[in-house]
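Chains A and B, in that order, are what the protein sequence lines are.
Going by the UniProt record's numbering, the first residue of the first sequence is number 1, and it counts up by one from there.
Going by the UniProt record's numbering, the first residue of the second sequence is number 1, and it counts up by one from there.
Presented below is the structure to which this report refers.
2 protein chains.
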Amino acid sequence: MKKNPGAEIASLIKEINAVMNYRLREAFKDSQLTPPQMMVIFMLAEETQLKVSDISKKMSLANSTVSGILDRLESQGYIKRVRSNADKRVVYIEPAEQLNDLHAFYHQTVANFLANIVEGADEKQVNKMVDGLQTLRDFLKNDEG
Amino acid sequence: MKKNPGAEIASLIKEINAVMNYRLREAFKDSQLTPPQMMVIFMLAEETQLKVSDISKKMSLANSTVSGILDRLESQGYIKRVRSNADKRVVYIEPAEQLNDLHAFYHQTVANFLANIVEGADEKQVNKMVDGLQTLRDFLKNDEG
DNA sequence: ATATAATATTTCGTATGCGAAATATTCGCT
DNA sequence: AGCGAATATTTCGCATACGAAATATTATAT
C-alpha cells in the first residue's frame with residue numbers, strides 16, 4: 001500500500017536535495033562559503049572564464065539568482081567580473097585574489113564531496129541512479145502538461 | 001567521455017527540482033500560492049491536523065522555514081494554528097476559512113500535478129525512477145561522509 | 001520536589017531563489 | 001544608417017531556506 005509514485009518521487013527529490021545541501025555545507029563549515037558559492041568556485045577551477053548565463057544553466061538557476069551570488073563572491077574578493085570586449089552585454093566571471101592560494105583546495109573539497117555521493121556503490125547501482133534520474137528529467141521536460 | 005557520476009547526479013537533482021518547482025508554480029499561477037504553500041494545503045486536505053514538525057519532516061524543510069510559510073498562509077486565512085492541550089509546546093495546523101470552498105479543488109490540482117510527473121511512463125520506467133531515487137537517498141544517508 | 005535536560009516552535013539575520021522590469025548592447029530588417 | 005526586436009545582465013520586491021538563539025513547556029534524574 002504505497003503512495004502514488006509521483007508523490008513519492010517529488011518527496012524523494014526534496015529529501016535528496018536537502019541532504020546534499022546539508023553535506024555540502026558541512027564540507028565547507030570552516031570557510032564562510034555557501035553551497036552555491038562553492039559550486040561557482042568549483043566550476044571556475046575547471047574553466048577559468050564563465051559567462052553569467054553559463055553558470056545559470058549549469059546550476060539550473062535564474063540569472064537573477066546567480067547575479068546575487070556573484071555580488072557576494074565579488075565583494076569578498078573571490079571572483080571578478082570582466083566585461084567582454086567582443087560583446088559588451090556579456091560579463092565574464094573569473095577567479096580573483098582570494099582564490100590565489102586556495103582554489104585547488106576548494107576544488108578538491110567539492111570534488112571529494114561529489115565522489116562521495118556514490119562511494120560504495122558498484123557500477124550497476126550507479127547506473128541505476130543515473131538512469132532513473134535521466135528518465136525522470138526527460139519525462140518532466142517532455143510533458144507539456 | 002562523461003563527467004563523473006557524482007557531478008552528473010548532483011546536476012540532475014538540481015535540474016529536476018527546478019523543473020518541478022516551475023511546473024508547480026505554473027499549475028497555480030491564477031492563485032497567489034507558492035509551491036511550498038500549495039504542498040501544505042495539499043497535505044491538510046489528506047490529514048486535517050498536522051503538527052509543524054510533521055510538515056517539516058514531510059517536506060524536508062527546517063522548522064524555522066515552515067514557520068514562516070505558515071505565517072503567510074495564516075495571515076491570508078488559509079490555515080490556523082491551534083495549541084495542543086495535551087502538550088502546550090505543540091501547535092496543530094488546520095485548514096481555515098479561505099479553504100472552505102476551494103480545498104478540494106486545490107488538492108486535486110496538486111494531485112494532478114503529481115500524477116503528471118510519471119504520466120506516459122510504463123510501470124517498468126516508474127520503478128526505475130523510484131528505485132534509482134531510493135538507492136541514491138540511501139547512499140547519501142548512510143555514508144558518514 | 002526541583003534543577004536540569006530534552007522537545008516544539010518561533011524569532012532573527014543572512015543568503016538564496018524567482019519573475020518582472022529596467023538597462024545596456026547587439027542583431028535584423030529594410 | 002537607423003529603428004524595433006532580441007539578448008545578457010542587473011535591479012527590485014518578495015518568498016523561501018537555513019542555523020543559532022530565544023521562548024515555552026514537558027520529561028527526567030535524583
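Just so it is clear, CB atoms sit at the ideal spot from N, CA and C, and this is done for glycine as well.
1. Which stretch, first to last residue, makes up the beta strand (DSSP E) that contains E94 (chain B)?
2. Can you pull the chain B neighbours of R137 (chain A), defined as C-beta to C-beta under 9 Å?
3. What are the residues that DSSP puts in a beta bridge with R83 (chain A)?
4. Short of 6 Å in beta carbon distance, which residues of its chain neighbour L70 (chain A), apart from the five on each side in sequence? Order them along the chain.
5. Looking at C-alpha atoms only, which residue of B:L73, B:A104, B:N21 and B:L133 is the closest neighbour of I93 (chain B)?
6. Name the residue from A:I16, A:P5, A:K3 and A:G6 whose alpha carbon lies nearest to the alpha carbon of K141 (chain B).
7. In chain B, what lies closer than 7 Å to S60 (chain A) by C-beta?
8. When the Cα atoms are used, what is the spatial distance from R89 (chain A) to R83 (chain A)?
9. Could you give the first and the last residue of the continuous alpha helix (DSSP H) run that contains E8 (chain B)?
10. Taking the straight line between their C-alpha atoms, what separation do you get for A115 (chain B) and N4 (chain A)?
11. Please say whether K80 (chain B) and A104 (chain B) have beta carbons closer to each other than 8 Å?
12. Output yes or no for whether 8 Å exceeds the beta carbon distance between I9 (chain A) and V130 (chain B).
13. Can you name the residues of chain A whose CB is closer than 7 Å to the CB of P5 (chain B)?
14. By DSSP, does L133 (chain A) sit in helix, in strand, or in coil?
15. Leaving aside the five residues before and after D101 (chain B) along the sequence, list all residues of the same chain whose C-beta is less than 7 Å from its C-beta, in chain order.
16. To the nearest angstrom, how far is the alpha carbon of K58 (chain B) from that of A86 (chain A)?
17. Would you identify the three-state DSSP class for K128 (chain A), choosing helix, strand or coil?
18. Using a beta-carbon distance cut-off of less than 7 Å, what residues from the segment 21-48 of chain A approach chain B?
19. Look at V52 (chain A) and V110 (chain A) and say whether their C-beta atoms are less than 8 Å apart.
20. Beta-carbon separation of S60 (chain B) and A18 (chain A) under 8 Å?
21. Look at L99 (chain B) and Y78 (chain B) and say whether their C-beta atoms are less than 8 Å apart.
22. Tell me the DSSP bridge mates of L50 (chain A)?
23. Between L44 (chain A) and the rest of its own chain, which residues show a CB-CB distance below 8 Å, the 5 nearest in sequence each way excluded?
24. Can you grab the Cα-Cα spacing for the pair L133 (chain A) / E123 (chain A), in whole Å?
25. Would M20 (chain A) and F28 (chain A) be called neighbours here (beta carbons separated by less than 8 Å)?
26. Using the C-alpha atoms, what's the distance from I55 (chain B) back to V40 (chain B)?
Let's see:
1. Looking up residue 94 (chain B) in the second sequence gives position 94. Run containing E94 (chain B): V91 to P95, per the beta strand (DSSP E) assignment.
2. Locating residue 137 (chain A) in the first sequence gives position 137, where the first residue counts as 1. Here the neighbours are L12, E15, I16 and V19.
3. In the first sequence, the residue the question calls residue 83 (chain A) occupies position 83. Partner(s): A:V91.
4. As a working note, residue 70 (chain A) is residue 70 in the first sequence. Taken in chain order, the list of residues that qualify is empty.
5. For the purposes of this step, residue 93 (chain B) is identified with residue 93 of the second sequence, where counting begins at 1. Ranking the options by Cα distance to I93 (chain B), first place goes to B:L73.
6. Along the second sequence, one-based indexing puts residue 141 (chain B) at 141. Closest option to K141 (chain B), judged by alpha-carbon separation, among A:I16, A:P5, A:K3 and A:G6: A:I16.
7. If you number the first sequence from 1, residue 60 (chain A) lands on position 60. Those are K14, E15 and A18, listed as they occur along chain B.
8. The count along the first sequence starts at 1 and reaches residue 89 (chain A) at position 89. The count along the first sequence starts at 1 and reaches residue 83 (chain A) at position 83. Between R89 (chain A) and R83 (chain A), the C-alpha separation is close to 7 Å.
9. Taking the first residue of the second sequence as 1, we reach residue 8 (chain B) at position 8. Unbroken alpha helix (DSSP H) run through E8 (chain B): P5 to A27.
10. Locating residue 115 (chain B) in the second sequence gives position 115, where the first residue counts as 1. Locating residue 4 (chain A) in the first sequence gives position 4, where the first residue counts as 1. Between A115 (chain B) and N4 (chain A), the C-alpha separation is close to 8 Å.
11. Counted from its first residue, the second sequence places residue 104 (chain B) at position 104. Counted from its first residue, the second sequence places residue 80 (chain B) at position 80. Contact flag unset, no.
12. Here residue 9 (chain A) corresponds to residue number 9 of the first sequence, with the count starting at 1. Here residue 130 (chain B) corresponds to residue number 130 of the second sequence, with the count starting at 1. It is a contact, given that the beta carbons lie within the stated cut-off.
13. Here residue 5 (chain B) corresponds to residue number 5 of the second sequence, with the count starting at 1. What P5 (chain B) touches in chain A: V118, V126 and V130.
14. Taking the first residue of the first sequence as position 1, residue 133 (chain A) is located at position 133. Under the three-state reduction of DSSP, L133 (chain A) is assigned to helix.
15. Translated into positions along the second sequence, residue 101 (chain B) becomes position 101. Counting only Cβ-Cβ distances below 7 Å, and skipping sequence neighbours, we find nothing.
16. To locate residue 58 (chain B), count along the second sequence from 1; it is residue 58. To locate residue 86 (chain A), count along the first sequence from 1; it is residue 86. Taking the straight line joining both Cα atoms gives about 50 Å.
17. Position 128 of the first sequence, counted from the start, is the residue given in the question as residue 128 (chain A). Here DSSP, grouped into helix, strand and coil, assigns K128 (chain A) to helix.
18. R23
19. On the first sequence, position 52 is the one that residue 52 (chain A) refers to. On the first sequence, position 110 is the one that residue 110 (chain A) refers to. No, Cβ-Cβ distance for V52 (chain A) and V110 (chain A) is not below 8 Å.
20. The residue given as residue 60 (chain B) occupies position 60 in the second sequence. The residue given as residue 18 (chain A) occupies position 18 in the first sequence. Taking 8 Å as the Cβ cut-off, S60 (chain B) and A18 (chain A) qualify as a contacting pair.
21. Translated into the one-based positions of the second sequence, residue 99 (chain B) becomes position 99. Translated into the one-based positions of the second sequence, residue 78 (chain B) becomes position 78. Against a cut-off of 8 Å, the Cβ pair of Y78 (chain B) and L99 (chain B) comes out as a contact.
22. Within the first sequence, numbered from 1, the residue matching residue 50 (chain A) stands at position 50. For L50 (chain A), which the question treats as bridged, DSSP gives the partners A:I93.
23. In the first sequence, the residue the question calls residue 44 (chain A) occupies position 44. Same-chain partners within the cutoff: L50, I79, I93, E94, P95, L99 and H103.
24. Position 133 of the first sequence, counted from the first residue, corresponds to residue 133 (chain A). Position 123 of the first sequence, counted from the first residue, corresponds to residue 123 (chain A). Whole-angstrom Cα-Cα distance: 15 Å.
25. As a first step, residue 20 (chain A) is located in the first sequence; it is residue number 20 there, counting from the start. As a first step, residue 28 (chain A) is located in the first sequence; it is residue number 28 there, counting from the start. Their beta carbons are not under 8 Å apart, which means M20 (chain A) does not touch F28 (chain A) by this criterion.
26. Looking up residue 40 (chain B) in the second sequence gives position 40. Looking up residue 55 (chain B) in the second sequence gives position 55. So the alpha carbons of these two residues sit roughly 7 Å apart.
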